[in-house]
Amino acid sequence: MSLSLRDQLLKAGLVNQKQVSQTNKAEKKQKRMEHKGQVEVDDSQQRMAKEAMAEKARRDQELNRQQQEKAEQKARAAQVKQLIEATRLPKLNTEDYYNFVDDKKVKRIAVNALMRTKLSNGALAVVAHAGGYEVIPREAALKIQERDPDRILLLNSHVEEADEDDPYAAYKIPDDLMW
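If you count by the numbering used here, then the sequence shown holds residues 224 to 402, one letter each, in order.
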């Protein structure tokens, strides 16, 4: 049978019987005082364990929140991609182009006369998709703008305010001049 540390030290001659009895007496006195409530129990380890568990719970909660944000972001990106692919208009091979700005650079997309007027009036929009550009209807562009506003490159808002005493009301000013 294994001996306690105290008995092993006594047997090895490192401590004497008097030291062992003093240690036993001090331990019994400590237990008696704790039992009577006169000495505060050292709960620093319990407190540290609770703090560690609370910190771990905070870290887990933060990690979970980040994972949820990533999942929501992926879902929004998938919805945007699906909206663009479902509503995009077919690409045209014409010599007529519509110019727009993307990241401080002027880009162009092939259009016909009807698409040009609809783009100018805001009935159609230009979005960035898979390294290129697509033309989509305004309703789809508004849905995409809710999810990812950076994808919308051109969405004109056509607001006509009829000024009653405007002498040039009969003359429409073109906003998409062709040179």
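Cβ atoms here follow ideal geometry from the backbone N, Cα and C, with glycine treated the same way.
Cβ neighbours of ARG331 within its own chain (closer than 6 Å, five residues either side excluded): TYR320 and ASN322. Annotation: the segment 286-353 contains the following complete segments of the beta strand (DSSP E) (minimum length 3 residues), in chain order: 320-325, 328-333 and 347-352. In the displayed model, PRO397 falls within coil according to three-state DSSP, outside both helix and strand. Sorting ALA364, LYS248 and ARG299 by C-alpha distance to the C-alpha of LEU312 places ALA364 at the top. Using a C-beta cut-off of 8 Å, the segment 292-300 makes no contact with the segment 342-358, since fewer than three inter-stretch Cβ pairs fall below that distance. Counting only the Cα atoms, SER244 lies some 10 Å from ARG229. For VAL238, there is no enclosing beta strand (DSSP E), as DSSP marks it with neither H nor E. If the five residues before and after GLN368 are omitted, its C-beta is found closer than 6 Å to the C-beta atoms of ILE375, all from its own chain and listed in chain order. The three-state secondary structure of PRO360, taken from DSSP, is strand. DSSP places LEU228 within a helical segment (H, G or I) once states are collapsed to three.
Counting along the chain, the unbroken beta strand (DSSP E) around LEU376 starts and ends at 375-377. Beta-bridge partners of GLY355 (DSSP): HIS352.
The C-alpha of THR317 lies about 13 Å from the C-alpha of LEU337.
The beta carbons of VAL303 and ARG361 sit no closer together than 8 Å. In the assembly as shown, LYS395 is an exposed residue. Its beta-carbon has fewer than 16 other beta-carbons within 10 Å. Rounded to the nearest angstrom, the gap between the Cα atoms of GLU295 and SER380 is 29 Å.
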